[in-house]
Amino acid sequence: MTLDRRALLSGLAVSGMMASGARAQDDPFNLQGRPVQGGHLIGRTWPRALIFLDGEALTTASADGWFIVGFDRDAPLSHRITARSGSREQSIEVTLAQGQFPSHSISGLPPSTVAPQDPALLARIREQAAVKAEAYASRLDADYFREGFSAPLETMRVTSAWGSQRILNGTPAQPHYGVDLGAPTGAPITAPAAGLVTLAESDFHYEGGLIFIDHGQGLITAYLHQSRVEVSVGQTVYRGQLIGRVGARGRATGPHLCWRMKWRDRNLDPSLLLRV
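Mapping of the sequence shown onto mature numbering (1 follows the signal peptide of the UniProt record, and there is no 0): residues -24 to -1, 1 to 252, in sequence order.
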């Protein structure tokens, strides 16, 4: 199935906006987003207020008071969001919808990308993991996420949904924390929202050409398997700007873009930020 941007909006981002039945009637934050496992909520409170999720201080609202919180694939269904600024405090209880995550099998992957054994390769993988961890630790003081996201490809087909249980070459693996979008090699990848490039590598073992973009407060998107990387670390990019080209490098059986998102070590579904 081939989709353009409009079809992706109606097909992937299927969860509705924050439903009245999923939150307290009195919402001090005017929350918007996708209250589902793998989803997120965007709200507004006092400028620079400290934001707590389930009692843990995780982020600080922007200078204009905007903040985002995210919920992992297997997050509990009940949460409490609190904003605190000096002696002032606001809270809300939020109930998430249960996520639906099918199983997905992939065969024909090179064995070295499923169960690598070579010591030199394992050392390279560890080095690359450290680079990725450092890039994921970025905490840009910005709120670019508040404007929502566009699709990173003009035309594509969904080949694997976010959160699916992976079976690689017949072996169960961890869930797939990306949305796979099939497209021709060389198809342009554009930034779905403004942000700071925190990683830009052309040849990582699992990911091939790989880019990370921090959209503010640790909300980071990743773009995998690229044939060409068109940006560099430290560069600020804007919605619609060319960042790379679709490829099939790394752990891939054909040309596609694996689009991922994290918020402070929580894996999120990036497609759910479309239309927000």
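Note that beta-carbon positions come from the ideal geometry of N, C-alpha and C, so glycine has one too.
Predicted model only: the values in this text are computed from it and were never measured.
One alpha carbon belongs to Pro92, the other to Gly19, and they sit about 43 Å apart.
In the three-state DSSP reduction, Leu98 falls in the helix class (H, G or I). When DSSP states are grouped into helix, strand and coil, Leu249 belongs to the helix group. If you look at Ala33, you'll find it in the beta strand (DSSP E) that goes 32 to 36. In the three-state DSSP reduction, Arg122 falls in the helix class (H, G or I).
A Cβ-Cβ contact shorter than 8 Å links Gly194 with Thr35.
Of the other Cβ atoms in all chains shown, fewer than 16 fall within 10 Å of the Cβ of Gln76; this residue is therefore exposed.
As DSSP reads the structure, Arg133 sits in a beta bridge with Gly158. Taking C-beta separations shorter than 6 Å and ignoring five residues to either side along the sequence, the partners of Tyr153 in its chain run Arg236, Asn243, following chain order. When Phe28, Phe125, Ala39, Arg10 are compared, the shortest CA-CA separation from Arg215 is found for Phe125. Residue pairing by DSSP puts Thr197 in a beta bridge opposite Ile189, Met237.
Selection Leu200, Leu172, Ile165 evaluated against His181 yields Leu200 as nearest (Cα-Cα). The beta carbon of Ala111 lies closer than 6 Å to those of Thr174, Leu175, Phe188 in the same chain, with the five residues before and after it left out. Check the Cα spacing between Phe43 and each of Phe28, Leu53, His55, Ala51: the tightest is with Phe28. Excluding five sequence positions before and after Asp50, the CB atoms of its chain that fall closer than 8 Å to its own CB belong to Gln13, given in chain order.
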